[in-house]
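Trainee: To start, I am sharing the structure in question, which I have written as structure tokens.
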Amino acid sequence: MWSTIVQIFPYAITYTIPLVIVALGGLYSERSGVVNIGLDGLMVCGSFAGALTIYKLQPTMSSSSAIWIGLLAAMAAGAVFSLLHAFACINLNANQVISGTAINMIAYALTVFLARNVTGSGNIHITSGLARRNIPMLSSIPIVGKLFFSQTYATTWVVLLILLISWFVLYKTAFGLRLRACGEHPHAADAAGINVYRIRYAAVMISGAFAALGGAVILVTYSGEFTGNVAGLGFLALASLIFGQWKPLGILGATFFFGFASTIANVSQVVPALAAIPGVILKVFPYVVTLIALIIFSKSSQAPKAAGEPFDHGKR
Amino acid sequence: MKLKMIKGINKNTIVSLLSIILGLLAGAVLMLITGSNPIDGYTYLFRGGFMNIERFGNTLATATPLIFTGLSVAFAFKTGLFNIGAAGQMLFGGFCATAVGLSLTWPKPLLLMAMVLSAILGGALWALIPGLLKARFNVHEVVSTIMMNWISYWVVYYAVPAYLKGSFLETESRRLPHSASLRVDWLTNLFNGSYINLGIFLAIAAALIIAFILNRTVLGYELKAVGFNRHAAEYAGINVNKSIILSMMIAGALAGLGGAALYTGNAFNIQIGVLPSQGFDGIAVSLLASNSPIGVLGAAIFFGLLYSGRGFMNAMTKIPPEIADTIIATIIYFAATNVLIEGFVDRIRRKKRGV
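Protein chains in written order, with the numbering used here: chain A, 32 to 347; chain B, 42 to 396.
Rendered as structure tokens:
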């Protein structure tokens, strides 16, 4: 049992990290009052922008600098692409769910359309991804070292750092307080002199950048290829956001839980100890758990109160 | 509600038409950017959908699942619900129909009825859970139907290889025999070998029935009343919880029928690892039709045309087929931001009146 856990742990973490950053992006957006179900499309957008950048740059420079530039390009692309959602939801008072659906569909179609013009097949393969590394010193700590500090990707630490900074920004800075206020009671925030529109724009762009980073992290860690979808992980991130009750530490727990379950399902074919658990149970587990969480928290949900409601300056 | 008729022309129609034009323009810009001629592109796209009777049949067949999912989303919208789970309901309904079609060896008419019924039940069952959660616990149906989509995806992902797989491929079910297909010889021959099937008649019937229920029955009135204002409806003595559950189940049943049309009519088997895109396109269809069941027919056929013509366009030009999906997605975006277009229309009207 122990050896199985040690074996699959690095995979579980690899699988969890993109979910963390995407759910965190969703957290910014929803905490500011804009529901973002376009996370999945934004991930695809990031995966595309990252793949294209790395594909073009890898022959000209060292592989790892191409990858890091690719990740930055993905974030920029996601932030720009999410402006479509921001504009529709913030300026035009559009239905946020419909706009998010449109974002998803535009991303799925447009990226493959563009990719076909580049490669013909619509898939973009990158020559090499990030290398796994053991962290010096820490990886030799018994138990913990084996689980958390062996065979890690650099992106894992970047994402965890972003999570830590995000917690600080959201709860310890004026910007974070304002952002949360806009999601709870935008009119009160407005009365206090906060520019709700500007805060929401910032939040949606952050969510776009983070979701796109998530898509690109998948690309440079375990997939190595842009294929036009991310297997619905954007929706799993959305489930994590709800199950984590819109809190940074909550989503860390939820994503790890879901990531671990999915990894077990993915590897259960090859690991005899796990073959006894039917894959379908492990795969539907995150979604069923989210439904149950929705029921349990239905009376005391921590959901931002104004999420999904357009803010109209004149309607106080 | 901005449903007023102004000077005989329905504002919704103008918004829809402008959305289509803007979507097509966006497509043209994309074609230009990637170095193709948009006029050629659209000529081949529309010829691909209408050139001859066979292609016209294919356009109608492609439109069939879209009619069902469009109706599903439109019906839910009319009753105040947002059914974003049409894809999952459709997948599960189609799975049920395929399972029945592969396991029973009844005569064709009887078997088809059983398959259609199982698709209805499967879709309705998949929507029952979000309906219950909404009615009983006030869980927002957008989130719960998204979760149900992925539950459906994974259930089918594991159930098809376990119970319905053929001898070679793990990723799709066995091929349905002719006796379990919605395709019938006379229709295929009438359309010169097109894959049009009985689904189109079911779809038209469904549109008429839904229009009748919504506009002419007490049930439709009650469901719409709950959609407009839950509390007012409750005060008026309508059983709100029952209405929500029933609305969701009807929407699910429609999507389930779409699954039957797609997997047992247009196709011969069900594939795993894909949530049918028609489920999400249904949102576009419904928006473009401003939730009118009859409008859904027109909007779905328009999208069917884009989808069925894109293959021909791709064969004749260098334009990738995903242009059709991009155009549809852009149309949804413009339909969602209808405030912009409505404001524009209003401004023009005001200028005409000289105010």
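Using N, Cα and C, we set each Cβ at its ideal position, and we do this for glycine too. Please read these numbers as outputs of a predicted model, since none were measured by experiment.
According to DSSP, what are the bridge partners of A:T183?
Mentor: According to DSSP, which records beta bridges pairwise, A:T183 is partnered with A:R164.
Trainee: In the DSSP assignment, what are the bridge partners of A:F257?
Mentor: Paired residues: A:I155.
Trainee: Please return the same chain residues whose Cβ sits closer than 6 Å to the Cβ of A:M236, not counting the five positions on each side in sequence.
Mentor: The residues are A110 and S113.
Trainee: Any C-beta of chain B sitting closer than 8 Å to the C-beta of A:G310?
Mentor: A:G310 counts as touching chain B.
Trainee: What separation, rounded to the nearest whole angstrom, lies between the Cα atoms of B:M46 and B:I61?
Mentor: Any reading at B:M46 needs caution, since the residue's pLDDT is 45, under 50, leaving its predicted position unreliable; the model's value is listed next. Approximately 20 Å between the Cα atoms of the pair.
Trainee: Starting from A:P309, trace the alpha helix (DSSP H) in both directions and tell me its first and last residue.
Mentor: Element bounds for A:P309: n/a, residue is neither H nor E.
Trainee: Can you give me the start and stop residues for the alpha helix (DSSP H) that A:A231 sits inside?
Mentor: Going by the sequence as given, residue 231 of chain A is Arg instead of Ala. Where A:R231 is concerned, the enclosing alpha helix (DSSP H) stretches over V227 to I249.
Trainee: B:G172 to B:M289, Cα distance in whole Å?
Mentor: Distance between the alpha carbons of B:G172 and B:M289 is about 5 Å.
Trainee: What do you reckon, are the CB atoms on A:A119 and A:A243 nearer than 8 Å?
Mentor: Against a cut-off of 8 Å, the Cβ pair of A:A243 and A:A119 comes out as no contact.
Trainee: Give me, in chain order, the residues of the same chain whose beta-carbon lies closer than 6 Å to that of A:A212; leave out the 5 immediate sequence neighbours on both sides.
Mentor: The answer, listed in chain order, is A220.
Trainee: By Cβ distance, which residues of its chain are closer than 6 Å to B:N280, with the 5 residues on each side in sequence left out?
Mentor: So the list is empty, once near-sequence residues are dropped.
Trainee: Looking at chain B, which residues of the segment 164-180 of chain A have a Cβ within less than 8 Å of any of its Cβ atoms?
Mentor: Cβ contacts with chain B: none found.
Trainee: Residues in its own chain within less than 8 Å of A:A185 by CB, not counting five upstream and five downstream?
Mentor: Closer than 8 Å at the Cβ level, and outside the excluded window around A:A185, lie L161 and R164.
Trainee: Do you know offhand how far A:Y232's Cα is from B:V196's?
Mentor: Cα to Cα, A:Y232 sits roughly 38 Å from B:V196.
Trainee: Taking the beta carbon of B:K175 as the centre, do at least 16 other beta carbons fall within 10 Å, making it buried, or is it exposed?
Mentor: B:K175 is buried by the Cβ-count criterion.
Trainee: For A:T258, would you say it is in contact with chain B, using Cβ-to-Cβ distances shorter than 8 Å as the test?
Mentor: By this cut-off, A:T258 is not an interface position.
Trainee: Check whether the segment 74-82 of chain B touches the segment 326-334 of chain B, taking contact to mean three or more Cβ pairs, one atom from each stretch, closer than 8 Å.
Mentor: Segments in contact, no.
Trainee: Under 8 Å, CB to CB, which of the residues in the segment 110-132 of chain B have a partner in chain A?
Mentor: Against chain A - using a Cβ distance shorter than 8 Å - the residues of the segment 110-132 of chain B are F123 and I125.
Trainee: Helix, strand or coil: which one does DSSP assign to B:E213?
Mentor: Three-state DSSP puts B:E213 in a strand.
Trainee: Using 10 angstroms around the beta-carbon of A:D71, count the other beta-carbons present and answer buried if the total reaches 16, otherwise exposed.
Mentor: Flag for A:D71 reads buried.
Trainee: Alpha carbons only, please: which of B:L153, B:F321 and B:T367 is nearest the one belonging to B:H219?
Mentor: Of the candidates B:L153, B:F321 and B:T367, the one whose C-alpha sits nearest the C-alpha of B:H219 is B:L153.
Trainee: Are B:I237 and B:N355 close, meaning C-beta to C-beta below 8 Å?
Mentor: Cβ atoms of B:I237 and B:N355: not closer than 8 Å.
Trainee: Rank A:K336, A:S78, A:L194 and A:F316 by C-alpha distance to the C-alpha of A:V279 and give the top, closest one.
Mentor: Just to set this straight, residue 279 of chain A is Pro in the shown sequence, not Val. Residue A:L194 is the option with its Cα nearest to A:P279.
Trainee: Which chain A residues are close to B:L174, counting only those with a beta carbon under 9 Å from its beta carbon?
Mentor: The answer, in chain order, is L322, L325, I326 and S329.
Trainee: Can you tell which of A:I323, A:G339 and A:F328 has its C-alpha closest to the C-alpha of B:I170?
Mentor: Measuring from the Cα of B:I170, the nearest candidate turns out to be A:I323.
Trainee: Which ranges does the alpha helix (DSSP H) cover as unbroken runs of at least 4 residues, wholly within the segment 231-262 of chain B, from first to last along the chain?
Mentor: Here the runs fully enclosed are 240-257.
Trainee: At 8 Å on the CB atoms, spell out the chain B contacts of A:K314, in chain order.
Mentor: Going along chain B in sequence order, the residues near A:K314 (Cβ under 8 Å) are W195, Y198 and Y199.
Trainee: Can you tell me where the alpha helix (DSSP H) holding A:S96 begins and where it ends?
Mentor: Looking at the DSSP string, the run of the alpha helix (DSSP H) that includes A:S96 is S94 to A117.
Trainee: Looking at chain B, which residues of the segment 261-292 of chain A have a Cβ within less than 9 Å of any of its Cβ atoms?
Mentor: Cβ contacts with chain B come from A262, G263, F266, L267, L269, A270 and I273.
Trainee: Could you tell me whether the Cβ of A:T204 comes closer than 8 Å to any Cβ of chain B?
Mentor: False, the Cβ-Cβ gap to chain B never drops below 8 Å.
Trainee: Rank B:G278, B:K52, B:Y204 and B:L243 by C-alpha distance to the C-alpha of B:A294 and give the top, closest one.
Mentor: Nearest of B:G278, B:K52, B:Y204 and B:L243 to B:A294, Cα basis: B:L243.
Trainee: When the Cα of B:V141 is compared with those of B:N190, B:E363 and B:T305, which residue comes out closest?
Mentor: Per the Cα distances, B:T305.
Trainee: Do A:F241 and the ligand NAP come close, with the Cβ less than 7 Å from some heavy atom?
Mentor: What this structure holds is no ligand at all, so the ligand NAP is not there to describe.
Trainee: Pick helix, strand or coil for B:Q445, following the three-state DSSP scheme.
Mentor: Outside the displayed range of chain B (42 to 396) lies residue 445 of chain B, so it cannot be described from this structure.
Trainee: May I have the straight-line CA-CA distance separating B:V70 from B:M189, to the nearest angstrom?
Mentor: The alpha-carbon atoms of B:V70 and B:M189 are separated by roughly 37 Å.
Trainee: DSSP state of B:N78, grouped into three classes?
Mentor: In the structure shown, B:N78 sits in coil (DSSP, three-state: anything other than H, G, I, E or B).
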